[in-house]
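Protein chains in written order, with the UniProt record's numbering: chain A, 1 to 188; chain P, 1 to 188; chain U, 1 to 188; chain R, 1 to 188. Single-structure report; data block below.
Protein chains: 4
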Amino acid sequence: MTSSNKVDLIMKASLTLFTERGFDATTIPMIAAQADVGTGTIYRYFDSKETLVNVLYQESVQRFTEKFKTDFSKISVREGFQHLFYCLVDFTKESEYALFFLETNKDAYFLNETSHKLLDELTKMLGEYFQRGKSEGVLRNLPSNVLMAIVLGAYLKLYQLVRTGSVEITKPFLKELELCCWDAIRNH
Amino acid sequence: MTSSNKVDLIMKASLTLFTERGFDATTIPMIAAQADVGTGTIYRYFDSKETLVNVLYQESVQRFTEKFKTDFSKISVREGFQHLFYCLVDFTKESEYALFFLETNKDAYFLNETSHKLLDELTKMLGEYFQRGKSEGVLRNLPSNVLMAIVLGAYLKLYQLVRTGSVEITKPFLKELELCCWDAIRNH
Amino acid sequence: MTSSNKVDLIMKASLTLFTERGFDATTIPMIAAQADVGTGTIYRYFDSKETLVNVLYQESVQRFTEKFKTDFSKISVREGFQHLFYCLVDFTKESEYALFFLETNKDAYFLNETSHKLLDELTKMLGEYFQRGKSEGVLRNLPSNVLMAIVLGAYLKLYQLVRTGSVEITKPFLKELELCCWDAIRNH
Amino acid sequence: MTSSNKVDLIMKASLTLFTERGFDATTIPMIAAQADVGTGTIYRYFDSKETLVNVLYQESVQRFTEKFKTDFSKISVREGFQHLFYCLVDFTKESEYALFFLETNKDAYFLNETSHKLLDELTKMLGEYFQRGKSEGVLRNLPSNVLMAIVLGAYLKLYQLVRTGSVEITKPFLKELELCCWDAIRNH
DNA sequence: CATGAATGAGGGTTCATTCAT
DNA sequence: AATGAATGAACCCTCATTCAT
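What follows is the structure in structure tokens.
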């Protein structure tokens, strides 16, 4: 009933396909078939395939950024990490394909300026958290982007296993995973 | 010796381009230009673009597998991990693009059965190592593929930073990274 | 009266756009926007884009034919030519784009039989006039369609200059032009 | 045997189709079929459909300009006109479709800067001729572009009749036509 | 052996036309 | 009656693949 019904179908289909096959291997006819709309319909809502992928990317980054925002001054570095980790978990729970922006290399040729800007914003927020952790001596003294890469890279690869059904998510499992990642970056 | 020269040129060019731009965004003329051969020449040595990418993938996996093979009975779990980690380091040192097979999702549509089989072989070897670690109580009690995902995911994402020049590799840096990864999966 | 209002809007918009951009470069949405109606509305009044262009063409030819009709027996060949010339002038004065049917090559692929028939009717009338002029020895002894082509071709090309603003129309200017054309075809 | 064999086929086919049906109504598959080449082949030699039409246009204008160039100081205005007229005749004799640039409105959206420049060059040459004619009092005192429009418009419309086979060209016929056009613009 | 000109299937995209509202 | 969202055929163009040289 909502006018954006078709838009949602298209975005959901695109997100899945882009994540599974990549931008270039995903064709507009594929998306149209998956979304059960005509190919022309996609162009009623998105100027081009590139626009579509950027909208998707930006929407993902923004939702994650929103979710991640919190008053870090009120929580410890340890709690901050738990917050980050369960943001990732919640985010991927909403959609198996939501971490699309993590799979996409940030210098992918199809990303536009807005996409870069939004990612930079998120990166900055994450960077500030990691910086504080290092200042307090709680986190390893490695560049923030390295700490991020370790956590996000590990989680991403892990979630690919979830998608293929090789691994099932349970509460205790998540708890242990969180510990893994935390142990990877904290000072011992 | 003479003709295999061209094969090498083609494979090196392909590896770089596939890793940098992805399989679909890389065209045969691009590879030919980069390798400084005619487009037709590529087809003299490889049946198709898909064949080429699979040969490349398999060659990568095999070289890595070969490098990884060692008599684990003679070393501790801790030493085994160091072996694994420095295999990754050595491998990427040979070519920035060598980890192509790690960047390629294992259910990528263009991988054929042989590629899957060779990857499975490597996975099995890695699995055995992780299994032993768990049996000895040294590693966390998580599925082996999860432990692998954490280590490889982290290293892979990290190496993407190296390729973009955001991070520089030094000996002490590698040592700390190795510890990160080890701390992520070992029992505390 | 009410619904024909929309028809008029659509036809006026079409005439302008078809003349300015050509049949193929003019889209139905363009016409709809220019006429300030919905795209669907155009199809309420015209079966198809081809129907529309033919109705337009026929209407133009018919209006011109009506204007051109006169009792030639009462006027001289010279006066007849002035009549023809000022028919062209009046016609273009009504709308800069009215000569659409002259700009359209008569073997344009989109013209249907009715359009051809109506043009033939006009051609016949013009032909009779030119024939008489030749019989009386006033006009050059060239095929009538040739005499027509000279006059119409010259006037048409001239009017394109008017549309681009390169030339301004004044009474004395028109008088001289008329003489040009007359001198082109009369016997000297 | 010449390497430009295919280029010639494509250009000839394009010229015909663009002239007969217009730029927009002519599709690349049509041109390919007419030229008896694959669609891809066209893109080996021409960047785009727009490039193709511009090359064609420029080639036409240049060949005509070359033909038209002469030492006007050595001939009278009357002789100059004969030169112009028989340039048109020769030009169209080489190919029925050679006057493509006359059929194309000079503000057609697909013409690029080079095309405009070349046409301006020709226009300037023609303008100088007409100017001289007016200075000497031989030609009517009308703007040069008007005099041009009359002659070129008349000839163009005339040649469309030739293409449809409605009119046959003979030497005496041409001689009379030349007189028609001359009488249209000369001072009486 | 090596090449690159030639090809056509299939990609992204547009737009004439339909139809539910 | 009027609309414009939805559609898919057909556009322009690319590129994996072939083959004559």
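Note that beta-carbon positions come from the ideal geometry of N, C-alpha and C, so glycine has one too. These numbers were taken from a predicted model, which means no experiment stands behind them.
At the 8 Å Cβ level, is His116 of chain P part of the contact set with chain A, yes or no?
no
Throw me the rounded Cβ distance for the Ala149 of chain P and Leu161 of chain A pair, which I believe falls under 8 Å.
6 Å
Note down, one range per segment and in chain order, each alpha helix (DSSP H) of at least 4 residues found wholly within the stretch 76–136 of chain A.
77–94, 100–103, 113–135
Compare the C-beta of Gln82 of chain U against all C-beta atoms of chain R and say whether one is closer than 8 Å.
no
DSSP three-state assignment for Met1 of chain U, whether helix, strand or coil:
Because the pLDDT of Met1 of chain U is 44, which lies under 50, any placement of that residue in the model is unreliable, and the question is left without a value.
Hey, how far is the Cα of Leu84 of chain A from the Cα of Trp182 of chain A?
11 Å
Is it the case that the Cβ atoms of residue 189 of chain P and Phe46 of chain P are separated by a distance below 8 Å?
Chain P is shown from 1 up to 188; residue 189 of chain P falls before or after that span and cannot be answered.
With a threshold of 8 Å, are at least 3 pairs of Cβ atoms found where one atom belongs to the stretch 11–24 of chain U and the other to the stretch 13–24 of chain R?
yes
Which partner residues does Leu139 of chain P have in the DSSP bridge list?
P:Arg186
Length of the line joining the Cα atoms of Cys180 of chain A and Glu79 of chain A
15 Å
Once you ignore the five residues that flank Thr26 of chain U on each side, which residues in its own chain have a CB closer than 7 Å to its CB?
Leu17, Phe18
Using a C-beta to C-beta distance shorter than 8 Å, which residues of chain R count as neighbours of Asn145 of chain U?
Leu161, Ser166, Val167
Going along chain A in order, which residues have a C-beta closer than 8 Å to the C-beta of Ala149 of chain P?
Ala154, Lys157, Leu158, Gln160, Leu161
Could you name the residues of chain R that Arg78 of chain U contacts, counting a contact when the two beta carbons are closer than 8 Å?
Within chain R, no residue comes near Arg78 of chain U; the closest Cβ sits about 14 Å away, beyond 8 Å.
Look up Ser166 of chain R in the DSSP assignment and say whether it is helix, strand or coil.
coil
Chain-ordered neighbours of Met142 of chain A on chain P, where CB pairs are closer than 7 Å
Before going on, a small fix: residue 142 of chain A reads as Leu here, not Met. Near Leu142 of chain A (Cβ distances below 7 Å), the residues of chain P are Glu176.
Is there a C-beta anywhere in chain R that falls below 8 Å from the one on Asp120 of chain U?
no
Thinking C-beta only, is Ala154 of chain R closer than 8 Å to Gly40 of chain U?
no
Could you check which residue in P:Asp120, P:Arg163, P:Arg140 has the C-alpha nearest to that of Tyr57 of chain P?
P:Asp120
What in chain P is Cβ-close to Arg21 of chain A, meaning under 7 Å?
Tyr109
Taking all protein chains shown into account, decide if Lys134 of chain R is buried (16 or more other Cβ within 10 angstroms of its Cβ) or exposed.
buried
When you compare the CB of Met1 of chain A with every CB in chain P, is at least one pair closer than 8 Å?
Any reading at Met1 of chain A is ruled out, since the residue's pLDDT is 43, under 50, leaving its predicted position unreliable.
8 Å is my cut-off, CB to CB: does Ile75 of chain P come that close to chain A?
no
Taking the Cβ atom as the reference point for each residue, do Leu177 of chain U and Leu158 of chain U lie within a distance shorter than 8 Å?
yes
Select from the stretch 84–97 of chain R all residues with a C-beta closer than 7 Å to any C-beta belonging to chain U, and list them in chain order.
none
Applying the 10 Å Cβ sphere with the 16-neighbour rule, what's the burial state of Lys129 of chain P?
For the sequence presented, residue 129 of chain P should be read as Tyr rather than Lys. Buried, by the Cβ-count rule.
Is it true that the CB of Val77 of chain U sits closer than 8 Å to the CB of Arg132 of chain U?
yes
In the structure shown, what three-state DSSP assignment does Val151 of chain U receive?
helix
Below 8 Å between beta carbons: does that hold for Phe110 of chain U and Glu168 of chain U?
no
Within the 8 Å Cβ cut-off, does Asn5 of chain U reach chain R?
no
Does the Cβ of Ile10 of chain P have 16 or more other Cβ atoms within 10 Å, making it buried, or fewer, making it exposed?
buried
Leaving aside the five residues before and after Lys106 of chain R along the sequence, list all residues of the same chain whose C-beta is less than 7 Å from its C-beta, in chain order.
Leu119
Element boundaries [alpha helix (DSSP H), containing Leu35 of chain P]
A small fix is needed here, since residue 35 of chain P is Ala in this sequence, not Leu. Counting along the chain, the alpha helix (DSSP H) containing Ala35 of chain P begins and ends at 28–35.
Do we get a CB-CB distance below 8 Å when we pair Ile10 of chain U with the residues of chain R?
no
Could you spell out the range, first to last residue, of the alpha helix (DSSP H) harbouring Ser60 of chain P?
49–68
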